[in-house]
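Here the sequence shown stands for residues 1 to 108, numbered as in our numbering.
A virtual CB, placed ideally from N, CA and C, is assigned to each residue, including glycine.
As the structure is a prediction and not an experimental result, all values here were calculated from the model.
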Amino acid sequence: MKALLAVLALLLAGCATPPPSPTPEDAFRFGGISMPASGKVLETQYDRGIDSRYVVVLTLPAEDVPKLLEGSNFAPGVLNDDRVVNGRHVYRRVTVEGTTVRLEMFTT
């Protein structure tokens with residue numbers, strides 16, 4: 001009986017292993033984002049339920065924000081859009097505060 005409980009505990013512990021952390025590259029590919037070389041990623045988050053969502057926080061010189069938007073195919077002056085990326089309808093939202101840029105990309 002103790003052996004059975006030990007095996008069950010090991011199996012359940014294996015199920016509790018968190019998934020690997022998302023990479024910025026995964027997020028950029030998901031959202032069709034082209035980041036200038038001057039950018040530095042500070043944080044990447046990923047959650048998934050019915051939909052998938054990535055959030056990337058990065059620092060970028062203010063003069064390179066237009067390069068990020070243009071390279072990622074945002075229309076001029078637009079910080080929120082939706083587009084088809086790799087066959088998925090992805091909503092993209094950009095928030096800029098000084099040199100900090102927050103990208104939120106999700107499907108629905």
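Since residue i sits in a beta bridge, which residues does DSSP pair it with?
{"i": "A90", "result": "Reading the sequence as shown, one finds Val at residue 90 and not Ala. Answer by DSSP bridge pairing, in chain order: R83, T107."}
{"i": "S52", "result": "R48"}
{"i": "V96", "result": "V101"}
{"i": "T23", "result": "Note: T23 sits in no beta bridge, so no partner."}
{"i": "V57", "result": "E43, R102"}
With a CB to CB cut of under 6 Å and the five nearest residues on each side skipped, what residues in its chain are close to residue i?
{"i": "G71", "result": "S34"}
{"i": "T44", "result": "P22, P24, A27, V56"}
So, at 7 Å on beta carbons, what are the nonlocal neighbours of residue i in its own chain, with the 5 sequence-adjacent residues on each side left out?
{"i": "T107", "result": "D51, S52, R88, H89, V90"}
{"i": "V96", "result": "V65"}
Using three-state DSSP, classify residue i as helix, strand or coil.
{"i": "L42", "result": "strand"}
In its own chain, which residues sit with a C-beta less than 8 Å from the C-beta of residue i, not counting the 5 before and 5 after it?
{"i": "R92", "result": "G31, G32, I33, S72, F74, N80, D81, D82, R83, L103, E104, M105"}
So, does the stretch 62 to 71 touch the stretch 19 to 27, judging by three or more C-beta pairs under 8 Å?
With fewer than three CB-CB distances shorter than 8 Å, the stretch 62 to 71 does not count as touching the stretch 19 to 27.
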